[in-house]
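Trainee:
Numbering (the working numbering), first residue to last: 34 to 148.
#1: Which same chain residues end up closer than 7 Å to residue 140 when comparing Cβ atoms and leaving out the 5 residues on each side of it in sequence?
#2: When DSSP builds the beta bridges, which residues end up paired with residue 147?
#3: By DSSP, does residue 57 sit in helix, in strand, or in coil?
#4: Considering only DSSP beta bridges, list what residue 142 is partnered with.
#5: Per DSSP, what kind of secondary structure is residue 52 in: helix, strand or coil?
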């Protein structure tokens with residue numbers, strides 16, 4: 034979705050921050066650790082919900098995903114592009130749902146990606 038690896042997030046990209054967390058806490062760990070405070074979740078949810086799914090689909094490219102090593106060590110078949118995009122969109126809806134629940138419950142979001 035963001036066009037960058039979680040291990041090299043786009044610092045000023047609202048979508049990258051929405052997926053990876055508003056604040057990077059990665060010092061001293063092998064991977065990525067991000068945090069979004071509860072008071073930031075509403076704006077994060079709005080950013081994710083406002084995405085134009087058809088535009089995202091037009092921009093989505095398994096070839097580019099593989100070249101950029103977005104998923105290190107994994108190579109996707111271009112034949113599966115539609116299925117992979119649908120799976121990512123489903124995961125995004127789950128992320129939005131989880132963020133809504135955290136917002137309602139007064140919780141913060143911690144993003145952990147182990148490398």
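The beta carbon of each residue, even a glycine, is placed where N, CA and C say it ideally should be.
Mentor: The short version:
#1: So the list reads 71, once near-sequence residues are dropped.
#2: According to DSSP, which records beta bridges pairwise, residue 147 is partnered with 64.
#3: In this structure, residue 57 counts as strand in the three-state DSSP scheme.
#4: Its beta-bridge partners are 69.
#5: Three-state result, residue 52: helix.
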